[in-house]
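So the sequence shown is numbered by numbering that gives the first Met the number 0: it starts at 0 and just counts up by one. Ideal Cβ placement from N, Cα and C applies to all residues, glycine included. A short worksheet on the structure shown next.
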Amino acid sequence: MANQADHCASLVREADRDRYLATLFAPADRRAALFALYAFAIEIGRVRDVAREPMPGEIRLQWWREVLEGKRDGEAAAHPVASALMAGLKRHSIKPDRLVGIVDAHGFDLYDEPMGTLDDLDNYGVMTQSALLDVAIDILGGGGPEAMMVIRGAGIALTVTDSLVHLAKHVSRRQMFVPIEVLDRHGVNIDEVYAGKTSEALKNALAEMRRHARRQMIAARNDGAQVPLAILPALLPLALIGPTLKPMDRRGYEPFDVTPLSRLRRQWLIWRASRDPQRIFAV
Numbered sequence: 000m001a002n003q004a005d006h007c008a009s010l011v012r013e014a015d016r017d018r019y020l021a022t023l024f025a026p027a028d029r030r031a032a033l034f035a036l037y038a039f040a041i042e043i044g045r046v047r048d049v050a051r052e053p054m055p056g057e058i059r060l061q062w063w064r065e066v067l068e069g070k071r072d073g074e075a076a077a078h079p080v081a082s083a084l085m086a087g088l089k090r091h092s093i094k095p096d097r098l099v100g101i102v103d104a105h106g107f108d109l110y111d112e113p114m115g116t117l118d119d120l121d122n123y124g125v126m127t128q129s130a131l132l133d134v135a136i137d138i139l140g141g142g143g144p145e146a147m148m149v150i151r152g153a154g155i156a157l158t159v160t161d162s163l164v165h166l167a168k169h170v171s172r173r174q175m176f177v178p179i180e181v182l183d184r185h186g187v188n189i190d191e192v193y194a195g196k197t198s199e200a201l202k203n204a205l206a207e208m209r210r211h212a213r214r215q216m217i218a219a220r221n222d223g224a225q226v227p228l229a230i231l232p233a234l235l236p237l238a239l240i241g242p243t244l245k246p247m248d249r250r251g252y253e254p255f256d257v258t259p260l261s262r263l264r265r266q267w268l269i270w271r272a273s274r275d276p277q278r279i280f281a282v
């Protein structure tokens with residue numbers, strides 16, 4: 000078990016350092032389950048990177064579905080992330096099938112079909128990021144109805160921000176998370192986007208996306224005034240959304256050349272939010 004926990008912590012530290020740092024603020028007896036949950040999210044989120052073709056990707060996702068449904072117990076026991084995940088969920092009395100929706104939603108990642116509407120993107124965010132937050136919060140002891148209201152907006156904001164930060168990566172493999180509805184509204188030629196061409200129309204479309212992310216964060220902030228401090232470690236990475244979006248508002252912003260926040264600044268923003276939780280929702 001120790002080796003499995005160490006494996007998950009190492010994976011999260013390397014692939015999702017923000018959540019790794021945030022988890023260090025959690026009680027020691029909750030960290031292993033959180034690391035296992037986030038390691039699972041990494042495994043699911045990078046299926047396209049690993050599989051490269053839809054069919055192998057679908058097979059990987061199906062394997063995870065069957066793990067969560069208890070149909071692969073022998074194989075899961077030999078897989079460090081699956082084993083640690085199932086043990087962590089059991090320890091905190093969380094039903095594994097709550098994660099099946101995350102697996103299903105990431106089926107979208109395997110194909111080149113563009114995101115259709117803003118509602119489609121919101122639903123994708125709720126099924127992935129919000130669902131992940133929901134389980135993380137329950138591992139931390141649960142946050143009640145107030146937390147349920149927060150995680151919807153927070154999950155959508157995380158998803159929109161990710162689509163902006165990783166636009167170049169996505170279009171390089173002909174993925175489009177920026178909804179066609181938004182691109183059409185601003186007269187964007189999608190073939191030019193796939194070719195990596197920047198235009199004022201594209202910048203206007205992405206500005207709309209940033210406004211949408213901020214509205215979701217404001218809604219989360221308004222609903223989250225009474226959330227218990229115990230669930231703070233699950234929410235701390237949200238403190239990076241505002242600082243990530245702000246440079247995109249500046250003159251000279253290049254959508255295909257987004258400079259990520261430095262590791263040191265990310266660490267400082269998470270620490271600062273741990274001291275002043277209101278900063279989590281500052282956008």
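**Prompt:** Thinking C-alpha only, which one of A75, I269 and L237 is nearest A35?
**Reply:** If we check each option's Cα against that of A35, A75 comes out closest.
**Request:** In the DSSP assignment, find the alpha helix (DSSP H) that holds K196 and state where it starts and stops.
**Result:** Unbroken run through K196: none, as it is neither H nor E.
**Neighbour-count burial assignment, A4, 16 or more Cβ in a 10 Å radius** = Burial call: buried.
**Asked** Alpha carbon to alpha carbon, what distance is there between D248 and W267?
**Response** Going by the C-alpha atoms only, they are around 22 Å apart.
**Item:** alpha helix (DSSP H) segment containing T158, residue limits
**Value:** Per DSSP, T158 belongs to the alpha helix (DSSP H) from G143 to V164.
**Request:** Let me know the alpha helix (DSSP H) ranges lying completely inside the stretch 191–273, each 4 residues or longer, listed in chain order.
**Result:** You should have 199–222, 231–234 and 240–244.
**Message:** I want to know whether the stretch 189–201 touches the stretch 141–148 - three or more CB-CB distances under 8 Å.
**Reply:** With a cut-off of 8 Å, the stretch 141–148 and the stretch 189–201 do not count as touching, because too few Cβ pairs lie within range.
**Request:** Decide if P26 is buried, meaning its Cβ has at least 16 other Cβ atoms within 10 Å, or exposed.
**Result:** It counts as exposed.
**Message:** So, for L98: in the same chain, excluding its five sequence neighbours on each side, which residues have a beta-carbon less than 6 Å away from its beta-carbon?
**Reply:** In chain order, L67 place their CB closer than 6 Å to the CB of L98, counting only its own chain and leaving out the 5 sequence neighbours on each side.
**Request:** Say whether the stretch 166–177 touches the stretch 75–94, bearing in mind that this needs 3 or more beta-carbon pairs closer than 8 Å, one atom from each stretch.
**Result:** Output reads no: the stretch 75–94 does not touch the stretch 166–177.
**Request:** Kindly give me the distance between the Cβ atoms of L239 and R265, rounded to whole angstroms, as I take these residues to be in contact under 8 Å.
**Result:** Yes, L239 and R265 are in contact; Cβ-Cβ is about 6 Å, under 8 Å.
**Item:** Three-way DSSP call (helix, strand, coil) for Y37 in this model
**Value:** Helix, per DSSP.
**Cα-Cα separation, L228 to S273** = Distance between the alpha carbons of L228 and S273 is about 9 Å.
**Asked** Unbroken alpha helix (DSSP H) runs of length 4 or more, entirely within the stretch 52–92: which are they?
**Response** Listed in chain order, they are 53–67, 72–76 and 79–90.
**Coil, strand or helix - G115 by DSSP** = DSSP places G115 in coil when its eight states are reduced to three.
**Proximity of A130 and I101 at Cβ, strictly below 8 Å** = Yes, the pair counts as a contact, with Cβ atoms nearer than the cut-off.
**Prompt:** Per DSSP, what kind of secondary structure is P95 in: helix, strand or coil?
**Reply:** Annotated three-state conformation of P95 is helix, per DSSP.
**alpha helix (DSSP H) segment containing R16, residue limits** = Per DSSP, R16 belongs to the alpha helix (DSSP H) from R16 to T22.
**Asked** For E112, which option in Q128, L88, I136 and I179 has the closest C-alpha, if you only look at C-alpha atoms?
**Response** Closest in C-alpha terms to E112, from the list Q128, L88, I136 and I179, comes I179.
**Straight-line gap, Q215 to A153 (C-alpha atoms, nearest Å)** = Taking the straight line joining both Cα atoms gives about 7 Å.
**Message:** Please classify P259 as buried or exposed, where buried requires at least 16 neighbouring CB atoms within 10 angstroms.
**Reply:** P259 comes out exposed.
**Item:** Nonlocal neighbours in the same chain, by C-beta distance under 8 Å from M208, ignoring five residues either side
**Value:** The beta carbon of M208 lies closer than 8 Å to those of V159, S162, L163, V177 and V181 in the same chain, with the five residues before and after it left out.
**Prompt:** Does DSSP put H185 in a helix, in a strand, or in coil?
**Reply:** DSSP places H185 in coil when its eight states are reduced to three.
**Request:** Could you say which of D28, V46 and D17 lies nearest to A1 if we only look at CA atoms?
**Result:** The shortest C-alpha separation from A1 is found at D28.
**Message:** Considering only the alpha carbon of each residue, which of C7, R262, K94 and A204 lies closest to L166?
**Reply:** Per the Cα distances, A204.
**Request:** Output the boundary residues of the alpha helix (DSSP H) element that contains A50.
**Result:** Taken as a continuous stretch (DSSP letters only), the alpha helix (DSSP H) holding A50 covers V46 to A50.
**Request:** Return the chain-ordered list of same chain residues with a C-beta closer than 7 Å to the C-beta of G142, the five sequence neighbours on each side being excluded.
**Result:** The beta carbon of G142 lies closer than 7 Å to those of I136, V226, P227 and I230 in the same chain, with the five residues before and after it left out.
**Prompt:** Where does Q174 sit, in a helix, a strand or coil, going by DSSP?
**Reply:** Three-state DSSP puts Q174 in coil, outside helix and strand.
**Request:** Compute the Euclidean distance between the alpha carbons of K168 and D48, then round it to the nearest angstrom.
**Result:** About 11 Å.
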